[in-house]
Every structure is written in structure tokens, then in C-alpha cells.
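Protein chains in written order, with our numbering: chain A, 1 to 657; chain B, 658 to 954.
Yeah, the Cβ is synthetic: ideal placement off N, Cα and C, and Gly gets one too.
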């Protein structure tokens, strides 16, 4: 006969207000196998745990049920307490009578809550009786990290991990590191030049002994699990030998073909063989395959003729590289929403209606106008500019429901940059609210208004159209209650930040969650903001949602510290909740092999004494198995069972209901 | 056609390419055809092929028939529809493709039940699968016997089963439930449906697992429902609609109805038709990033 103890927790009033915990304990007393019951105010408190330990020893318990909160909260706590009392930790089971019971039943007579708690506890008790002693599985950790994305968040994460003495693989899909931050002119609220603070970090990455940099590359596939991932990376063909190239620039100077520059958001042209911007890291060009006449139809080849070290190879193909890593940091950044949705603002129709990133390029010393604010249409210096905020943000019908968070600040910065460069220019800002929460942010926007004379108009713009070479902006000023018509030389749209196009694809490759806007989901928005639900995969920067540079950098460092913590141990303890195949009834249909997301199931030969193969069966690699149970559901003959959640346990629990 | 078949069987056995030819032969009174297993080349003349050959012989390739497996490499006389089952068995690792010799038979249709045979094959005695057959010229074979058949299946599936499905789609869930409960109540748990199916090849069926006993074995309402649902679910995305289960059912439960409806849903959801691709595992077990997730609310 088992000797089981049942501990019912009141959780202050969390459980006790709708569940009669004493009654639950009383009911359990008569259940076969139960030798001890108690109800207590806070089982998770130190005295609660102490009493649990003492009771286990005193009553020689061989299993305990704690009827309390969700196992997500304190299963670990109570299992640890059991272990200290000399009981196998897997002989401790939690009946969740809080989240799934007391919190959802508001019956103050406590009737419903109590009946349900008794049912839940009795089911757990029957389950527990069939629990077996289990021991933790120890697995080695590959102490190398993968960082996906070479913007500021990814760079910060990579540098912090590498400075901590661990190898890092940094994958960037563009030809150069830098991400969106490299495009910015100056940064709020300190107005330091973005490239001046960014490029040293980029170079540091390039020169770091512990960082392997794959630019112009994408993650194709991820296998494995925490501590033991295998990552397949596609190195897109650059058509330039990276080892030989000196970055002299003869090739792109010679190249006769020009197309719109992605980095400059179409404000200027780039060559077909190019680096995105002069400070690119690595300073090695790529050939844009789609637009190169040599590759497409074997005409030209001028770049190869002038290349001194002869490093251009038109036959180069994509390379597939695999790397073993123990942890992954996702830092894939953001895109701007397509402005084509907002036809009323005339983006795409009028050359002088531009987005915020284009304005950054115009204001940037390394940009197409060398930092002089000029209209894209005719190169004239605009005497007045209208900035329109919340283009797509906070607009559920046409755009996104969320606030893009950084636009209020960068628009204020734009008005300042404009004033500093065009002293007699006038800027107007149409806004909904000024959101300037952050250290020195409020002061910054006040300065734009008070010192640099930006005219802030609270209201929306209904239409932008062209008249006599001017852009006429029609809008409302809701504070004065009047309609406003402004004739401007240029209009800048503060377009919403959105997730990357392929964010959902990547999330599925990695097995992490994402929200309806395709931003990656944190494990817990407050308490685990850099973790994902998948162990060993962490998040940094704007792939989680709109945020500014300081936040992205902090998150990069936070993710790095999580990786460091993971790498600080040599072995990783894993839960022994793993699948087992009953080989006698295995049909070798390999449904489990196909279904397993962790490639944890192997095809195994069964041999007779003579060494002849008599049959094939599936066998689970315990080191790889995460106990997800997919194979159990897939197996038609019920040949696979999950330790800790066996068929018998589940069946017993159901029968006890 | 039969002569060509016998000649091929004789050659295979004489040359030792296969150990047994699984095919159709007459019963003693020559009124019905029955499965025959030819191991001696001299017996090859016993093989026949005609409109009575409705049985799906592919079950004899599965692990259910260890005695036949023990004979050695088999050759099998198979219509296109039977070959679909062999394809699934190959994709699920039950049969190695190079370990079976498929004698594909060009087919102009068979009778739904041999009892219906009056000497002539008419549309009304053909099963629904023949009306919509895409594989009258067998698709995966080592040799094809018979002339090329010219037949294009209709775009919208026709036949009794599909008429019934369309009628069913208009019914309320309550009416459908009552219909099935009524039919399943007649089930006597003989498991003929399972025995006739070459995709029900499990060494130990889930219904035979007794620790714990998930499915009640008595012919009681609860167990009947559980069994029939499990049978259908285990065949989702795999069933080739060969119809052997329904043909075998002594209680006349319209199993083709549930099988074909499921096949329609799978085709719509995953663009998958079972029985054509030996490399691909049936969709219910495979995860693809492009799988629909519009049912998750």
C-alpha cells in the first residue's frame, strides 16, 4: 500500500476564498493509500516547505500531492523539497486548484470550487500512485552561440557573448552589418552621429577573434534543442572571393550599370557590384545577381577586368554551412510599413513625400546629399516641411493597432536637424499625442518646439496634393478647432514599424511563438522578456516589437547574459520526461520518426543471435527527446509512452474523475 | 490478357525472380474469384483476371500475413486502386519497393460485390471508386498487363457515396450524429473492417491494448462509437477509398461514407491524395510551414 501525503494550499485567499481547503483535505483522508493530509496558508513559503519535508520523513511518505497553483509556478519548488527530504522528486505531483479552479469559480458559498478541487486532487492522487522513480538526464552543452541579425541588438549580443569568452556565429542577411541603425543620421536625445557610434562596434565584431561573421547569409534550418542545436546557413553567392578582395573599389567604380539603392531607400543609385554604404563591414562588395548582365546573359564583365587581385568569380554558387551551437539569439529587426496603403498622403506619387528613414538619409553626412536637406524632385532646399506622425500606427482599420513608439522622438529630432541645417526653414508636425516617455525625452521634444521653432499641430492630415510645385497639406488642428492648409516643399511620413516579411517563417524554423503582427513572443512579457518558450533561444531588439536604440542594446546585452548563464555549466540537467517505445509492438511505420520535431527517434535494427536483422523498430534518443509527446499522439498502435505521463497514469486519472 | 498474366507469372516463378505470385483464381464451382497464392510455375494457369476481381490483395503484403512473408519475395496482381495501398505501405515502411513485384492490371472496372454479377458489368453494379478512377492504367508497376484503357474521371466525383456525402453536408450535426449512432449501434465488433484493410497493419491494434483498455471491446454503444471513430481517424489522409472495409462489414455500416468525406477534407486542406507518392508520408503526420493554420482561432 502506498503512503501518500496530500497538502492543500490556501494560497492566502487566492484559493481559500472560493475553495474550502479543509474540506478538500478531509475528503482525501479516506482515499486508499493516503496516510497524511493537511491544509496550510502558503505551502510555498519556507515554513510550508519545511513542514512538508518533516512530514515526508516523519510519516515515511512515498509520494505527495500538493493541491495548489499551476505546476508552472511551484512544481520545481516542491519537487526540490521532496528531494531534500529523501524522496524521488518525480513522486511529487501538483493538482492545480488555483488557475484552473479557484480563480475561475466565483461561487462565494465555495461549493463549486470545493467539489472541483476534490475531483482534481483525487485525479492527481490516482495518477501519482502509478508514478515511477525517475532520474534527471544530464547532457553536454555546446558552448557556442548563434546570433541572427547584425543590427545594433545583434551586434551587442554577439560582442557581449564573445567578450565573455565564448565563440559566436553572427549571421546577417544583407552584405554588411549595421541594420537599420546604420541608416540613421543622428540619434535622439543626445544627437550623436549614428554611424560614428555604430561603425566602431561593427569593426569590433569583424576583428573579434571569437566571432565568425557570415554576411549575405541566411539561416535555412535549425535542428536540435537547448545546448545542442545544429544550424544550416545559406551563404548566398557574393561572386567575389572574400579572402582575396581588398575592398579597393575599382570594380564598383568601373561597373556601368546603376539601379536604385536599397540602403538609401531609392534616393540614389548604386552599382550592380556594390557595398551598401562606404563604411560597410566587411568592406567586400557583392554582385546583385538579378541585375548583372554578365551573370544573366554573359555580357559585360568589366568589374573582373579591372579587379587587381582577380577575386571576381561569376560562377560562384550559394554555399551551405552547418554549425553546432548551444544557444541562439534572434535579433532580426524591423521594416517600415509600405506607405502605398495611404494613398491620401501621396507617397510614391509625389517625389517629395518621403518616409522617416529617407529623411534620415537626407540628413546624414554619408547620405546622397552629403547631409544637405534637398528635395528629391529638384534638389532645392525646402523652405517648409510637414511631418505627419502615426502613419499606420494606432490605426487598426488601415494599419496596425500598436504605437510604433520611436516616431514621436525621431520626428522631433528631424525638426531639429532641419532647423540646424536650414535656419530660416519652418517645420510643422501633425501629431495625435506626443509620447516622450524616457530619460531626457520630454525635454528633447520641448526643445524642438521651444528652441527650434517646430510648429506642432494636434490633428490628422486628410489629404496631400500638388499645386504649383508645392505640396498642399490639408489637415485639422483640433486644439484651435480649425482646418489648416499648409503649402509645403516636402512631406515626411512617420510610418509604422512592422515585423520583417519572413518573421513567421523564421519563427516556425526555430519553433518560437509570434503574435498577430508577426513580432516574436517573449516567454513572459514582464518576467522573461528575452526568453522564448523554446529553451536556448533568446530575443533581442525590434523583432519583439517597436523599441528605440537604448532598449535594443539593453536587450542584446540581456540576451547575452542569458546565454552566458546557460554556458556557465558543463552539463545541462534535463527533465526525465521522455518517450519510450515498446519494441514488441512497434510496426516500424516511422510515423513517430516523421512527426518528431527534435529528430530524437532513430530507426533501429533488431538482430537475432546470428547477427541477422529480424526486424526494425523505432528507438528514442533520450538526450534529444524533450517529452513533447508528439510521437505518442502519432503512434497508432499506442506503442509509445511518455515517462511521467504514461497511458496508465492518464487513464487512472480519468477513471478517478 | 489472362494469357499474358499467366505467362508473366510462369516466367517470374521459373526464373526464381519471385517466390510466390499473389493473384485471383476461380473457386471450385467457377462462380466467384478468390485469392490464390501460386508458388509452382505449373499452377500459373490458375490465375484469372476479370470484373469479379474486386478484392484488394495488398493486405497479403503486410505484416498481418507472416506466413506469406516467409515464402519470400512476392509478385502481386494489382489493379490501380490496389496499387495505391501498396504505395502507402511503401511510404510507411511496411513494404520495400524493390521487395515486391507489381503486376499492374489495366482495368475497366469491377463489381461492387461478386453476388451482384449477372454476366455483364453495368454502371449500377460498379463501386463508386470505379466511376471516379484515375488509375485504370496502373501508376506504379513493374509490368503492365492489358491494353491501355481510355477513361477520364469526371471533375466532380460521382457515384452513390458522393451523392450521399452531398446530401449529408446539408444535414444538421444532430441529424448526422443520429445517423451514425444508429449505424454504429449495429456494429458487432467482428473487426472484419480492420482485417480487410491493408493499411490497418498494426502488430497490435489499439483496440487490443488492455493496459489500459482505452476502447471497450464489447459490442456496446460506447465501445462501438470509440472503435468506429478510432478506425476512421487512424485512416485519415491514408485511406485510398478502396472500399474493402465496407464490403467486408456484415452489419452493412456505410464506412465508405466516412472514408471518402475524410479524403475530401484532406485533399482540400493539404492538397494531398493518398496512394500516389511513395516518398511522401501522409499529411496528418507531417509538419510543413505552409500548412494551413486558419482553423486556430
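Asked, Found
"Close Cβ partners of residue 32 of chain A (< 8 Å) along its chain, the five nearest in sequence each way excluded", "1"
"Endpoints, alpha helix (DSSP H) assigned at residue 386 of chain A", "Segment 384-391 is the beta strand (DSSP E) holding residue 386 of chain A; no alpha helix (DSSP H) there."
"Opposing strand residues paired with residue 683 of chain B [DSSP bridges]", "B:690"
"Among B:942, B:720, B:744 and B:926, the one whose alpha carbon lies nearest that of residue 950 of chain B", "B:926"
"is_contact[residue 852 of chain B, chain A] using C-beta, thresh 8 Å", "no"
"Backbone secondary structure at residue 40 of chain A - three-state DSSP", "strand"
"Residue 278 of chain A beta carbon less than 8 Å from that of residue 176 of chain A", "no"
"Minimum Cβ-Cβ distance from residue 13 of chain A to chain B less than 8 Å", "no"
"Inter-residue spacing [alpha-carbon to alpha-carbon] between residue 862 of chain B and residue 637 of chain A", "5 Å"
"Same chain only: Cβ atoms within 8 Å of residue 320 of chain A, ignoring 5 sequence neighbours per side", "220, 232, 233, 234 and 235"
"Identified DSSP bridge partners for residue 483 of chain A", "A:476"
"For residue 36 of chain A and residue 59 of chain A, the rounded distance between their alpha carbons", "8 Å"
"Three or more C-beta pairs below 8 Å linking the region 99-110 of chain A and the region 7-22 of chain A", "yes"
"Which of helix, strand or coil DSSP assigns to residue 524 of chain A", "strand"
"Residue 894 of chain B and residue 741 of chain B closer than 8 Å at C-beta", "no"
"Nearest-angstrom beta carbon gap, residue 594 of chain A and residue 745 of chain B [assumed within contact, 8 Å]", "Rounded, the Cβ-Cβ distance is 13 Å, inconsistent with contact."
"At least 3 beta-carbon pairs within less than 8 Å: the region 331-345 of chain A vs the region 384-401 of chain A", "yes"
"Close-in-space but distant-in-sequence residues of the same chain around residue 930 of chain B (CB under 7 Å, 5 per side omitted)", "924"
"Closer than 8 Å to chain A by CB, residue 860 of chain B", "yes"
"Burial state of residue 599 of chain A, where buried means 16 or more other Cβ atoms lie within 10 Å", "exposed"
"Opening and closing residue of the alpha helix (DSSP H) in which residue 49 of chain A lies", "46-58"
"Opening and closing residue of the alpha helix (DSSP H) in which residue 25 of chain A lies", "21-29"
"Own chain, CB closer than 6 Å to residue 184 of chain A, minus 5 neighbours either side, in chain order", "194 and 360"
"Interface flag, residue 502 of chain A vs chain B, CB-CB below 8 Å", "no"
"Contact check, residue 255 of chain A vs residue 272 of chain A, beta carbons under 8 Å", "yes"
"Element boundaries [beta strand (DSSP E), containing residue 800 of chain B]", "800-802"
"Partner residues on chain A for residue 866 of chain B, Cβ-Cβ distance less than 7 Å", "638"
"Within chain B, partners of residue 589 of chain A - CB distance below 7 Å", "749, 750 and 751"
"Identity of the residue in A:143, A:122 and A:14 nearest residue 572 of chain A by Cα", "A:143"
"Assigned exposure category for residue 834 of chain B - 16 Cβ within 10 Å defines buried", "exposed"
"Coil, strand or helix - residue 6 of chain A by DSSP", "strand"
"The region 717-725 of chain B touching the region 824-834 of chain B, judged by at least three CB pairs closer than 8 Å", "no"
"Interface residues of the region 199-222 of chain A facing chain B [CB-CB below 7 Å]", "none"
"Close beta carbons around residue 602 of chain A, own chain, < 7 Å, minus the five adjacent residues each side", "619 and 621"
"Closest residue to residue 128 of chain A among A:511, A:91 and A:459 (Cα-Cα distance)", "A:91"
"Pair within 8 Å by beta-carbon distance, residue 703 of chain B and residue 682 of chain B", "yes"
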